[in-house]
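Read the structure below first, then the notes.
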Amino acid sequence: MARKKSESLKETISTEIKNKFNLEGFKNKKGLSSNSKFKDQTWIPLSEAYQNVTSTPGIPQGHIVLLRGHSDTGKTTALLEAAVSAQKRGILPVFIITEMKWNWEHAIQMGLEVTEIKDPETGAVIDYEGYFIYVDRESINTIEDVAAFILDLIDEQKKGNLPYDLLFLWDSIGSVPCELSIRSNKNNNEWNAGAMSTQFGNSVNQRIVLSRKESSPYTNTLVCINKVWTAKAESPMGKPKLMNKGGFAMWFDSTFVVTFGNISNAGTSKIKAIKDGKQVEFAKRVNIQIDKNHINGITTRGRIIMTPHGFIEDDEKALKQYKNENSKAWAEILGGGNFDIVEEEESMYDDITTFTQEPE
């Protein structure tokens, strides 16, 4: 009987304490108030063709975004479309080029606003300036260098020395080793994956997504091209898997992943203008899929055509319009006159049904 009275007394006291307790007051005292609001979601738009085939506006601002796939499948086209769109919206593109396949002429052709600095005597282009920041392997040689560079710009932004929203564009994950690999003169994949997890998973990525908070005056976005490789099927009835170089730390932290091409190969078909043995490859048809979307949940797949000027839709009308706009330039290369448009046969696209391959 005494036990029941004791329990009843505790319940009465507990209820009275809760009734008098002010939770908001406690949160204010501990500094836990006014820190849960996120900014409304905004996007860096890509081309209309990309939007139509993916049913998404483009690149979600304030997130980690991966563009992955085999070589020459449209990843750089998407990256440059994002950079051009960012410039138009006052977002500062920050190019981190570690694979060293960069081409300024292509970037300008895509619409990037760049000023060529020429030698006053020879007229040769000696540098490029404009509303962007550019670094490459001349100063960045390791995974740790990439992380330190990104964090330094974010710190400068916080100090008020860089008053812009930033769009980091890294081409590409898997193209630089970690410091331990370099010191050991051995490019160890496990060390590199560990460095990606430590430098980005535990540091850089958190700083990027924190910029989505209402308390942050700027919004930063990280878009990475991720090199891939194909893991063989583990059984006779199994299927090959598309694996990310540098491990899966970035996959886990990303909220938006776009995969270009197929699992076992690029899966593209080349579209060319041909005359008398000469040819101009002016477009490629490629598979594209939204593999991961934690923004609005939309995951789609389809085909798109990539050109030196950006994406166009995979239909006869769009291709004909692009041909009419550029045929004069192709004719000059081919020696004038009429030419034939030839498309190579589709290369191995039967693995489109197993596009999505998440880490186990």
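Residue numbers for the sequence shown follow this note's numbering, so the first one is 760 and each next one is one higher. Where a beta carbon is used, it is the ideal one built from N, C-alpha and C, also for glycine. Please read all numbers here as calculations on a predicted model, not as lab measurements.
Measuring only the C-alpha atoms, how far is residue i from residue j?
i: Val731; j: Gly1006; result: Outside the displayed range of the chain (760 to 1119) lies residue 731, so it cannot be described from this structure.
i: Met1002; j: Val853; result: 26 Å
i: Trp861; j: Leu926; result: 17 Å
i: Glu783; j: Thr774; result: 18 Å
i: Glu872; j: Arg971; result: 27 Å
i: His865; j: Ile932; result: 21 Å
i: Ile967; j: Tyr977; result: 10 Å
i: His829; j: Ile892; result: 27 Å
i: Asp1074; j: Val1039; result: 20 Å
i: Arg1062; j: Pro819; result: 21 Å
i: Gly997; j: Ala990; result: 11 Å
i: Leu910; j: Leu826; result: 21 Å
i: Gln916; j: Phe780; result: 41 Å
i: Glu1119; j: Leu791; result: Because the pLDDT at Glu1119 is just 44, under 50, the model does not fix this residue reliably, and the point stays unresolved.
i: Ile1047; j: Gly870; result: 22 Å
i: Thr836; j: Ser1086; result: 21 Å
Given residue i, which residues of its chain have a CB within under 6 Å of its CB, disregarding the five upstream and five downstream residues?
i: Asp895; result: Ile856
i: Asn1122; result: Coverage of the chain is limited to positions 760 through 1119, which leaves residue 1122 absent and any answer about it impossible.
i: Trp950; result: Cys937, Leu939, Ser940
i: Ala1042; result: Ile1030, Ile1064, Thr1066
i: Gly833; result: Phe1019, Val1045, Met1065
i: Ser956; result: Ala1008
i: Lys1034; result: Leu1093, Phe1098
i: Tyr923; result: Leu851
i: Thr801; result: Gln820
i: Thr813; result: Ile1049, Thr1059
Using the three-state DSSP reduction, which class does residue i fall into: helix, strand or coil?
i: Ile1092; result: helix
i: Arg1060; result: strand
i: Gly1069; result: strand
i: Met1002; result: strand
i: Thr1112; result: Unreliable placement is indicated for Thr1112, whose pLDDT of 40 sits below 50; the coordinate value is still reported in the next sentence. Helix, per DSSP.
i: Asp899; result: As written in the sequence, residue 899 is Ile, which differs from the Asp given in the question. It is coil, neither helix nor strand.
i: Asn979; result: coil
i: Lys779; result: helix
i: Thr881; result: coil
i: Lys1087; result: helix
Whose C-beta lies closer than 8 Å to the C-beta of residue i among residues of the same chain, with five residues either side of it excluded?
i: Val935; result: Thr857, Arg896, Ile899, Asn900, Thr901, Ile902, Asp904, Val905
i: Gly953; result: Cys937, Gly1006
i: Gly960; result: Ala1008, Met1009, Phe1011, Asp1012
i: Glu1102; result: Ser1028, Lys1029, Ile1030, Lys1031, Arg1044
i: Gln810; result: Pro804, Pro816, Gly817
Hey, could you find the ends of the beta strand (DSSP E) residue i is sitting in?
i: Ser1028; result: 1028 to 1034
i: Glu783; result: Run containing Glu783: none in the beta strand (DSSP E); it sits in the alpha helix (DSSP H), 782 to 788.
i: Gln1048; result: 1037 to 1052
i: Trp929; result: 925 to 932
i: Glu1102; result: 1099 to 1102
i: Leu921; result: Where Leu921 is concerned, there is no enclosing beta strand (DSSP E), given that its DSSP letter is neither H nor E.
i: Asp1074; result: From DSSP, Asp1074 is part of no beta strand (DSSP E); its letter is neither H nor E.
i: Phe959; result: Run containing Phe959: none; DSSP gives neither H nor E here.
i: Val935; result: Neither: Val935 is in no beta strand (DSSP E) and is coded neither H nor E.
i: Pro804; result: 802 to 804
i: Glu888; result: 884 to 888
i: Asp818; result: In the sequence on display, residue 818 carries Ile and not Asp. Here the beta strand (DSSP E) through Ile818 covers 817 to 819.
i: Gly828; result: 823 to 828
Whose C-beta lies closer than 7 Å to the C-beta of residue i among residues of the same chain, with five residues either side of it excluded?
i: Glu973; result: Lys796, Phe797, Lys798
i: Ile885; result: Ile876, Lys877, Asp878
i: Gln958; result: Ile902, Glu903, Ala906
i: Ser806; result: Glu840, Gly1069, Phe1070
i: Tyr890; result: Gln846, Leu851, Glu872
Looking at the unbroken alpha helix (DSSP H) that takes in residue i, where does it start and where does it end?
i: Met955; result: 948 to 955
i: Met1168; result: Look at the range of the chain in this structure, 760 to 1119, and you will see that residue 1168 is not part of it.
i: Lys877; result: Careful: Lys877 lies outside any alpha helix (DSSP H), inside the beta strand (DSSP E) at 874 to 877.
i: Phe854; result: Not the alpha helix (DSSP H): Phe854 falls in the beta strand (DSSP E), residues 851 to 856.
i: Phe908; result: 902 to 918
i: Val894; result: Not the alpha helix (DSSP H): Val894 falls in the beta strand (DSSP E), residues 892 to 895.
i: Val843; result: 834 to 847
i: Ala808; result: 807 to 813
i: Thr969; result: It should be noted that the sequence gives Leu, not Thr, for residue 969. From DSSP, the alpha helix (DSSP H) with Leu969 extends over 964 to 969.
i: Leu866; result: Rather than Leu, the amino acid found at residue 866 in this sequence is Ala. Here the alpha helix (DSSP H) through Ala866 covers 863 to 869.
i: Ile941; result: 938 to 942
Could you check if residue i belongs to the surroundings of the ligand MG, using beta carbon to heavy atom distance under 7 Å?
i: Asn900; result: Among the components modelled here there is no ligand, and therefore nothing to report on the ligand MG.
Against chain B, with Cβ distances strictly below 8 Å, would residue i count as a contact?
i: Leu1001; result: Among the chains of the structure shown, chain B does not appear; only one protein chain is present.
Item checked: Stretch pair the segment 1013 to 1024 + the segment 1075 to 1083: three plus CB contacts closer than 8 Å -> no
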